[in-house]
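Engineer: Take this structure, written in structure tokens, and hold onto it; I'll ask about it next.
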Amino acid sequence: MEAKYFYGFQAMMENIHAETYDILLETFLPSNVDKTNFLDHALQLTTVGLKNAWAKRWMDVDGRTFSERLVAFACVEGIFFSSSFAIVFWFKSRGLHTQFACELLRLFDEKPPQWVVHTIVAEAADIEVCFAKESLHEPLPGVSAQDMLYHVRFIADQLLQALGYQPLFHVENPFPFMMMISMPSRVNFFERQNSEYRKVRVNHGAVADEEFDYAIASGIVPTPFPTSICEAF
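Going by this note's numbering, the letters in the sequence shown line up with residues 2 to 234, in that order.
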């Protein structure tokens with residue numbers, strides 16, 4: 002029952018994310034760029050297709066045990082977002098979802114053998130590395146494709162240990178700043194607005210679209226991309 006409640010709450014969180022992504026697209030895409038075509042192009046990326054096919058293969062209800070599907074789900078939440086979130090420094094709720102999957106698996110008497118879990122995690126890590134290379138055409142300051150490879154494998158080993166299995170890659174984290182993400186921080190020293198992930202509470206209230214538009218006009222968030230950048234899509 003507790004697991005059912007948790008995943009219901011997680012679904013609600015994902016709905017919030019989906020609404021946020023939609024607002025971002027409406028804000029940053031120029032008016033002459035069709036949003037549907039833009040999203041269709043993203044689905045045509047090679048590595049996105051690999052992630053989709055991998056998830057369908059390991060989430061097959063008829064061909065996989067529940068514990069195997071749970072490990073695969075932990076990989077989706079814990080590995081498939083690791084490279085992109087290392088770039089945007091956005092990892093907290095995914096960590097929560099991954100942690101719950103790990104804790105749930107620990108309650109099982111019959112767990113998948115280590116070789117099966119290693120296979121699942123290794124495949125997910127390889128796909129995420131390919132995604133990072135495809136997305137990171139040019140190195141960012143302090144972030145290279147090689148660093149991202151080590152980061153993804155480090156996250157994969159962390160996931161394996163959290164699931165109760167032996168690590169596979171034995172690499173160090175190339176991004177020490179990522180270790181600070183889940184640590185609590187205080188924002189009221191200079192009385193500024195908190196820009197990190199928040200826990201959902203009724204007293205936060207809803208943020209109207211007009212407030213987001215005002216943030217752009219005030220320079221709080223960047224202005225929309227110029228048309229030339231989006232024409233490639």
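By construction, the Cβ of each residue, glycine as well, lies at the ideal position given by its N, Cα and C atoms.
Quick caveat: nothing in here was measured; it's all calculated off a predicted structure.
(1) Shortest alpha-carbon distance to L150 belongs to which of F81, P113, W116?
(2) Which residue's Cα is closest to the Cα of H152: H138, N174, E69, G9?
(3) DSSP on V122, reduced to helix/strand/coil?
(4) Could you give the distance in angstroms between the alpha-carbon of D35 and the alpha-carbon of D41?
(5) Out of curiosity, what's the CA-to-CA distance linking T99 and L30?
(6) Within the same chain, show all residues whose beta-carbon is closer than 7 Å to that of P168, passing over the 5 residues directly before and after it, in chain order.
(7) Consult DSSP for V34 and reduce its assignment to one of helix, strand or coil.
(8) In its own chain, which residues sit with a C-beta less than 7 Å from the C-beta of A75, not counting the 5 before and 5 after it?
(9) Given a threshold of 16 other Cβ atoms within 10 Å of its Cβ, counted over all protein chains shown, does L106 qualify as buried or as exposed?
(10) Can you find at least 3 beta carbon pairs, one from the region 109-117 and one from the region 13-22, that sit closer than 8 Å?
(11) Is the beta carbon of K52 closer than 7 Å to that of I128?
(12) Identify which residue in V72, F39, A43 has its Cα closest to the Cα of W55.
(13) Specify the secondary structure class of V130 as computed by DSSP and reduced to three states.
(14) Looking at the unbroken alpha helix (DSSP H) that takes in Q167, where does it start and where does it end?
(15) Between V62 and E69, what straight-line distance do the alpha-carbon atoms span, to the nearest angstrom?
(16) Between P185 and V144, what straight-line distance do the alpha-carbon atoms span, to the nearest angstrom?
(17) Where DSSP assigns a beta bridge to V72, which residues make up the other side?
(18) Kindly indicate which three-state DSSP category V144 falls into: helix, strand or coil?
(19) On the criterion of 16 or more Cβ atoms from any shown chain inside 10 Å, does F155 qualify as buried, or is it exposed?
(20) Straight-line CA distance for A43 to L26?
Structural biologist: A quick look at the data gives this:
(1) Sequence index remark: in the sequence shown, residue 150 carries index 149 (1-based). Of F81, P113, W116, the residue nearest in Cα terms is F81.
(2) Residue 152 sits at position 151 when you count from the first residue of the sequence shown. Per the Cα distances, N174.
(3) Translated into positions along the sequence shown, residue 122 becomes position 121. Looking at V122 - three-state DSSP - the assignment turns out to be helix.
(4) If you number the sequence shown from 1, residue 35 lands on position 34. If you number the sequence shown from 1, residue 41 lands on position 40. Distance between the alpha carbons of D35 and D41 is about 10 Å.
(5) Taking the sequence shown and counting its residues from 1, the one referred to as residue 99 is at position 98. Taking the sequence shown and counting its residues from 1, the one referred to as residue 30 is at position 29. The straight-line gap from Cα to Cα measures roughly 32 Å.
(6) Here residue 168 refers to the residue found at position 167 of the sequence shown. When the five nearest sequence neighbours on each side are left out, the beta carbons in the same chain lying within less than 7 Å of the beta carbon of P168 are those of D158, L161, Q162, in order along the chain.
(7) Position 33 of the sequence shown holds residue 34. The answer is coil: DSSP assigns V34 none of H, G, I, E or B.
(8) As a working mapping, residue 75 is identified with position 74 in the sequence shown. Only residues of its own chain outside the window of five on either side were considered, and among them T99, A102, C103, L160, L164 have a CB closer than 7 Å to the CB of A75, listed in chain order.
(9) Taking the sequence shown and counting its residues from 1, one reaches residue 106 at position 105. That one is buried.
(10) At 8 Å Cβ cutoff, the stretches do not touch.
(11) Stepping through the sequence shown from its first residue, residue 128 is reached at position 127. Stepping through the sequence shown from its first residue, residue 52 is reached at position 51. For I128 and K52, yes; Cβs fall inside 7 Å.
(12) Within the sequence shown, numbered from 1, the residue matching residue 55 stands at position 54. Looking at V72, F39, A43, the one whose alpha-carbon comes closest to that of W55 is V72.
(13) Working through the sequence shown from its first residue, we reach residue 130 at position 129. It is helical.
(14) Within the sequence shown, residue 167 is the residue found at index 166, counting from 1. The continuous stretches of alpha helix (DSSP H) do not include Q167, and DSSP gives it neither H nor E.
(15) What you label residue 62 is simply residue 61 of the sequence shown in a count that begins at 1. What you label residue 69 is simply residue 68 of the sequence shown in a count that begins at 1. Spanning the two alpha carbons is a distance of roughly 10 Å.
(16) Walking along the sequence shown from the start, residue 185 turns up at place 184. Walking along the sequence shown from the start, residue 144 turns up at place 143. In this prediction, P185 scores a pLDDT of 49, lower than 50, which makes its location untrustworthy; no coordinate-derived value is stated.
(17) Within the sequence shown, residue 72 is the residue found at index 71, counting from 1. In the DSSP output, where bridge partners are listed per residue, V72 has none listed.
(18) Looking up residue 144 in the sequence shown gives position 143. In the structure shown, V144 adopts extended strand secondary structure according to DSSP, grouped into three states.
(19) Residue mapping note: residue 155 aligns to position 154 of the sequence shown, counting from 1. Answer is buried; the Cβ neighbour count reaches 16.
(20) In the sequence shown, residue 43 corresponds to position 42, counting from 1. In the sequence shown, residue 26 corresponds to position 25, counting from 1. Spanning the two alpha carbons is a distance of roughly 13 Å.
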